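Let me begin by presenting the structure, written as structure tokens, before commenting on it.
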Amino acid sequence: MFELTMAKGSILQGVLEAILDLVNVANVDCSSKGFSLQALDTEHVVFLSLFFPSEVFRSYRCDEDCSMGIAIADMVDLLRASNDGDIITIKVTDQNFEDITITFESPDKTKTTDMDLQLVDARSHRLKISEWHDMESEYQAIFCMPSAQFMLNCKSLSVIDDDVVIRVNEEVISFSTKGKSGCVNISHVPNKTDNPEKASVTLTHMRGPVSLTLNLRYMKSCAKVSTLFDQVKIGLSTKLPLMVECKIAEKGYIRYFVAPKITE
Amino acid sequence: SPTQKTLDRFFQSS
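Protein sequences appear in the order of chains A and B.
First residue of the first sequence? That's 56 in this note's numbering, and the numbers climb one at a time after it.
First residue of the second sequence? That's -14 in this note's numbering, and the numbers climb one at a time after it.
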């Protein structure tokens, strides 16, 4: 049996709302350690991987590891029907592995709403990716910035064109674009420390200058999720997809892997 | 102009 409870408006609900513009169906794996979700957008440009450790939920129980496909858009629609103050329970029993039960309980416990959502096949949304600890050292540059600043950069650039070029070297981290009506270049002088301050742009890992071109549509989606958190961490490599990461509590994370645009 | 790549070249689908 798997069962988690959370308050209406919790971070999981916020994240599910924020990923809707990219994914419809997600593969969810549950273990005693927590709730993880993987999803691939229909164009195979963005892979999303998140892990919510058990301690971020109001209560969490998972007797046996389980994996299920969830139609995220339908689930979010159901969750939206909850009222302020409701406690939301998500449950799957071993007897019935065909659907997931979502329950809302009013704060005074006088009203309960039960809903069943059918599970779907989401096996194609599983991707074999290395453990992050192995991958981090493969990125040429990793920097952190306030997520509000990241969103602002993406919005400012998308006025001019659909693409952004992110360049990182020891001296500067820049976001630039060039379109028919003009160009925009936003430069940040980074701090260099392993312990980034919340309000600044910090270069945490640097093995050499790197630049990548990315579609701003996907970057804005990443930025939307990141604004649920204070800071966003961005990794660039010419051999790996761009990585956008936000930390959830001590051990949790939400990571986007975005394929770049490349000139043939 | 640059072409959008997919993730298939980076990750192996299971």
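Even for Gly, the Cβ is constructed at its ideal location relative to N, Cα and C.
Please read these numbers as outputs of a predicted model, since none were measured by experiment.
DSSP lists A:197 as the beta-bridge partner residues of residue 260 of chain A. Per DSSP, residue 56 of chain A is not a residue of any alpha helix (DSSP H), being assigned neither H nor E. Looking at the DSSP output, residue 252 of chain A bridges to nothing. Chain order gives the chain B residues near residue 268 of chain A as -13, where near means a beta carbon separation below 8 Å. Within the stretch 89 to 111 of chain A, the residues whose Cβ lies closer than 8 Å to some Cβ of chain B are 95, 98, 99, 100, 101 and 102, listed in chain order.
For residue 295 of chain A, the chain B residues whose Cβ falls inside 8 Å of its Cβ are -5, in order along the chain. About 6 Å separates the Cβ atoms of residue 78 of chain A and residue 127 of chain A, confirming a contact at the 8 Å cut-off. Straight-line spacing of the CA atoms in residue 93 of chain A and residue 219 of chain A works out to 26 Å. For residue 125 of chain A, the CB contacts under 6 Å within the same chain, skipping 5 residues up- and downstream, are 81 and 83 in chain order. Against chain B, the CB of residue 275 of chain A has no partner CB under 8 Å away; the residue lies outside that interface.
Distance between residue 88 of chain A and residue 71 of chain A, taken at the CA atoms: about 20 Å. By the Cβ test, the stretch 282 to 294 of chain A is in contact with the stretch 199 to 214 of chain A, since at least three Cβ pairs between them sit closer than 8 Å. Under DSSP, the beta-bridge partners assigned to residue 240 of chain A are A:231. The closest CA to that of residue -6 of chain B, considering only A:69, A:102, A:273 and A:229, is found on A:102. In the same chain as residue 166 of chain A, and ignoring 5 residues on each side of it, no C-beta atom comes closer than 7 Å to its own. Contacts with chain B at 8 Å (Cβ-Cβ) include residue 319 of chain A.
In summary, residue 192 of chain A is exposed, with fewer than 16 beta-carbon neighbours lying within 10 Å of its beta-carbon over all protein chains present. Just measuring C-alpha positions, the residue of A:98, A:67 and A:64 sitting nearest residue -11 of chain B is A:98. Burial check for residue 317 of chain A: the Cβ neighbour count within 10 Å stays below 16, so the residue is exposed. Contacts with chain B at 8 Å (Cβ-Cβ) include residue 314 of chain A. Non-local C-beta neighbours of residue 144 of chain A in its own chain, meaning closer than 6 Å and more than five positions away in sequence, comprise 60 and 158, ordered along the chain. Membership of residue 131 of chain A in any beta strand (DSSP E) is not indicated; the residue belongs instead to the alpha helix (DSSP H) covering 127 to 135. Closest by C-alpha distance to residue 190 of chain A, out of A:309, A:140, A:65 and A:296, is A:296. Between residue 212 of chain A and residue 232 of chain A, the CB-CB gap stays under 8 Å.
In this structure, the straight-line span from the alpha carbon of residue 109 of chain A to that of residue 57 of chain A is close to 12 Å. The three-state reading of DSSP puts residue 304 of chain A in coil, since its state is none of H, G, I, E or B. By the neighbour-count criterion, in which a residue is buried when 16 or more other Cβ atoms sit within 10 angstroms of its Cβ, residue 137 of chain A is buried.
The alpha carbon of residue 119 of chain A has as its nearest neighbour, out of A:139, A:146, A:179 and A:132, the alpha carbon of A:146.
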